[in-house]
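Numbering (the working numbering), first residue to last: 27 to 835.
Please read the structure below before turning to the comments.
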């Protein structure tokens with residue numbers, strides 16, 4: 027149809043005689059073109075999806091000649107089909123619903139145009155988690171409770187029962203290992219916090235990776251999901267744990283489960299339960315104890331502020347914190363009862379570790395479903411039965427290997443003063459006693475990711491070995507003893523680390539069972555640390571003994587089969603390539619020969635000592651760190667001088683001072699003694715050494731002052747094989763395989779005085795303990811040539827039930 031047509035008109039006029047005259051000029055009238063119609067109604071598009079948008083266009087008096095799409099807002103998109111009625115594009119990833127806008131223009135066949143601008147959204151994909159729990163304390167009824175992960179958050183209110191439920195919507199690109207913080211606050215309330223290790227561990231996922239209609243679906247699914255949602259506690263205990271996690275992480279909230287599990291291994295259970303008691307006192311106090319505007323978490327995390335708070339509480343009411351600790355432990359809302367389903371098949375009892383270290387000792391508890399179990403210690407394996415009693419785990423030992431100790435004669439209450447005097451008269455000042463466990467009561471304090479904390483009360487039977495004198499044998503009846511301790515119980519390896527078959531080939535260092543018994547020097551070791559070479563075909567060889575073996579990996583456990591026994595290795599914990607290992611050696615009939623907690627690491631075949639690596643210079647030395655892995659060995663960033671006390675008043679034999687100085691003239695010293703106490707240590711002394719780097723790359727220390735009986739030559743040496751070098755806490759750290767061997771006469775065979783073991787040393791200043799313990803300041807400056815940072819360290823006050831308060835200012 028023509029839009030612009032000429033219409034012939036027949037016009038009757040007095041001047042015109044008729045139509046159709048050849049003389050007529052026909053008038054022409056132009057009819058206007060109608061512009062096309064255009065409509066757009068865009069539905070939201072989903073991020074990361076192939077998306078289309080379309081318009082509808084028509085023309086009443088012609089046809090559509092062309093389309094043109096132009097993006098006017100939103101993230102730049104790569105469009106296809108901009109000259110058609112429909113465009114296609116890949117929606118980008120977005121973290122929030124993001125508006126986009128387009129202008130669409132259509133042109134008809136006569137050139138008329140119509141435009142429309144329309145908006146829509148790129149909707150993010152999100153998962154919604156149903157969080158349910160309780161804020162402990164009637165003061166918090168009606169308080170605001172918030173859950174947050176990264177930039178995502180949701181708020182709700184605490185109901186009259188103290189409970190809350192929250193629907194936390196989280197973008198699907200938020201990592202599942204991200205930690206979730208919950209907090210409860212009010213205008214006049216103390217803020218409480220709780221940190222959940224990761225999104226992945228939440229059981230309240232009700233809608234996974236949905237968009238658009240997801241919000242309408244929440245209500246219908248919530249009731250069903252709530253049954254599977256773990257109950258979250260926001261309380262004095264969770265707040266104390268949160269503050270100590272922040273403190274262990276350098277003042278920052280752990281952002282994911284990897285960081286969470288790393289720092290939770292550094293939390294002292296005694297500090298945790300006492301901090302919880304302090305928070306509970308603050309919550310229940312009618313009078314304000316904290317200053318207005320004080321940040322509770324900052325106060326709890328900072329030893330200086332925390333110690334001042336403890337002192338304030340104890341001065342006002344002596345014994346208040348100890349009483350509050352008992353109340354917290356007994357309160358099922360603060361320390362939730364254990365259920366059978368909560369008990370893992372394996373628990374590893376361990377101690378808090380210092381940063382950059384891993385645990386190298388502990389006990390292994392195995393719980394069977396038939397209510398029996400075993401605990402393995404360095405003394406052997408003991409069996410027990412277990413049950414639940416008022417939410418506590420009760421262990422009754424069927425037999426216990428016992429632990430042997432050598433306390434002073436004076437400390438044995440069953441001895442009379444006359445007996446003590448007789449024993450002293452013959453030069454005996456220590457006695458052998460054996461502790462046999464009868465029962466253990468395990469009260470759970472907190473539930474973590476890889477670690478739970480427990481208060482364990484142990485009832486034992488103590489037996490003193492008979493003491494033979496010239497004229498009589500002194501014996502006393504066995505007696506009972508009860509003690510309790512707060513401890514960490516590891517229920518999984520950090521980050522799920524385990525052995526993988528494909529990763530084993532190469533060199534590794536492991537503890538290997540040894541049954542050689544006691545040698546002529548009186549030295550014995552049930553295991554040697556050996557360097558093992560694993561081949562891809564499942565065979566291997568010890569680089570130390572030459573013994574061959576076969577190996578395999580099953581369910582993350584490494585098994586090595588030797589000629590006379592087999593040994594299994596399970597990873598308990600890991601940190602930067604260091605593995606804490608639980609190992610069992612059994613004969614080929616399945617009889618357990620030994621159980622041990624040890625160390626393992628993969629090795630670089632090219633690592634070896636050079637003179638440059640070994641030499642310390644005269645102002646530094648290699649300080650042994652093998653026993654300094656516990657958090658109690660450190661006061662903040664400062665290494666404690668004494669093993670068993672938090673002050674400096676111990677003899678050199680009770681100190682950690684031990685190490686090797688290596689000079690560039692091939693001389694050296696094995697330091698083991700010093701006069702005085704810090705900061706006035708003087709006269710560092712020990713064994714005179716000479717040293718060489720052997721052709722095999724080992725560093726050999728020869729004791730110059732340890733002579734053979736039959737010849738004027740050395741009959742003792744210590745050898746180090748370098749395993750690896752890393753940055754330590756105080757200076758460069760070396761890991762070594764070491765042994766110490768000696769002989770009496772030059773013609774004798776070498777025997778181990780110290781069997782092959784692993785050790786670690788850090789390069790520190792000889793004056794380190796003086797420098798960091800100067801009388802002028804409790805925050806001395808560390809003058810390490812390898813690190814010029816300052817130590818700002820104050821020890822945290824811990825009030826132990828059987829000790830008086832030790833307040834540090």
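From the three backbone atoms N, C-alpha and C, an ideal C-beta is built for every residue, glycine too.
Owing to the predicted nature of the structure, the values given are computational and were not obtained by experimental measurement.
Evaluate residue i with the Cβ neighbour count: other Cβ atoms within 10 Å of its Cβ, from every protein chain shown; 16 or more gives buried, anything less gives exposed.
{"i": "residue 825", "result": "buried"}
{"i": "residue 553", "result": "buried"}
{"i": "residue 836", "result": "Lying outside 27 to 835, the shown extent of the chain, residue 836 is not represented and no answer is given."}
{"i": "residue 426", "result": "buried"}
{"i": "residue 735", "result": "exposed"}
{"i": "residue 366", "result": "exposed"}
{"i": "residue 664", "result": "buried"}
{"i": "residue 512", "result": "buried"}
{"i": "residue 73", "result": "buried"}
{"i": "residue 743", "result": "buried"}
{"i": "residue 216", "result": "buried"}
{"i": "residue 703", "result": "buried"}
{"i": "residue 275", "result": "buried"}
{"i": "residue 509", "result": "exposed"}
{"i": "residue 448", "result": "buried"}
{"i": "residue 506", "result": "exposed"}
{"i": "residue 443", "result": "exposed"}
In terms of residues, what are the limits of the alpha helix (DSSP H) holding residue i?
{"i": "residue 539", "result": "Careful: residue 539 lies outside any alpha helix (DSSP H), inside the beta strand (DSSP E) at 532 to 539."}
{"i": "residue 681", "result": "Where residue 681 is concerned, there is no enclosing alpha helix (DSSP H), given that its DSSP letter is neither H nor E."}
{"i": "residue 559", "result": "That residue, residue 559, is in no alpha helix (DSSP H); its beta strand (DSSP E) goes 553 to 560."}
{"i": "residue 347", "result": "346 to 356"}
{"i": "residue 794", "result": "794 to 797"}
Can you look up residue i in the DSSP assignment and give me helix, strand or coil?
{"i": "residue 311", "result": "coil"}
{"i": "residue 614", "result": "coil"}
{"i": "residue 545", "result": "coil"}
{"i": "residue 456", "result": "strand"}
{"i": "residue 445", "result": "helix"}
{"i": "residue 265", "result": "helix"}
{"i": "residue 113", "result": "strand"}
{"i": "residue 384", "result": "coil"}
{"i": "residue 669", "result": "coil"}
{"i": "residue 392", "result": "strand"}
{"i": "residue 260", "result": "strand"}
{"i": "residue 361", "result": "coil"}
{"i": "residue 823", "result": "coil"}
{"i": "residue 432", "result": "coil"}
{"i": "residue 785", "result": "strand"}
{"i": "residue 161", "result": "strand"}
{"i": "residue 281", "result": "coil"}
{"i": "residue 661", "result": "strand"}
{"i": "residue 332", "result": "helix"}
{"i": "residue 686", "result": "strand"}
{"i": "residue 305", "result": "helix"}
{"i": "residue 317", "result": "coil"}
Since residue i is in the beta strand (DSSP E), which residue starts that stretch and which ends it?
{"i": "residue 369", "result": "Run containing residue 369: none; DSSP gives neither H nor E here."}
{"i": "residue 642", "result": "Premise fails: residue 642 is in no beta strand (DSSP E) and is neither H nor E."}
{"i": "residue 210", "result": "206 to 211"}
{"i": "residue 128", "result": "124 to 134"}
{"i": "residue 773", "result": "Segment: none, residue 773 is in no beta strand (DSSP E) and carries neither H nor E."}
{"i": "residue 635", "result": "It is not in any beta strand (DSSP E) - residue 635 carries neither H nor E in the DSSP assignment."}
Taking Cβ positions, are residue i and residue j nearer each other than 8 Å?
{"i": "residue 263", "j": "residue 354", "result": "yes"}
{"i": "residue 647", "j": "residue 697", "result": "yes"}
{"i": "residue 68", "j": "residue 144", "result": "yes"}
{"i": "residue 306", "j": "residue 346", "result": "no"}
{"i": "residue 184", "j": "residue 161", "result": "yes"}
{"i": "residue 142", "j": "residue 95", "result": "no"}
{"i": "residue 423", "j": "residue 457", "result": "no"}
{"i": "residue 459", "j": "residue 490", "result": "yes"}
{"i": "residue 847", "j": "residue 495", "result": "Limits of the chain in this structure are 27 at one end and 835 at the other, which puts residue 847 out of reach."}
{"i": "residue 290", "j": "residue 271", "result": "yes"}
{"i": "residue 573", "j": "residue 560", "result": "no"}
Within the 8 Å Cβ cut-off, does residue i reach chain C?
{"i": "residue 191", "result": "This model lacks chain C altogether; it includes just one protein chain."}
* Asked: Can you list the beta strand (DSSP E) stretches of 3 or more residues lying completely in the segment 70 to 107, in chain order?
  -> 76 to 84 and 90 to 99
* For the segment 450 to 494, which segments carrying the beta strand (DSSP E) assignment without a break, of at least 3 residues, lie completely within its bounds, in sequence order? -> Listed in chain order, they are 459 to 473 and 477 to 490.
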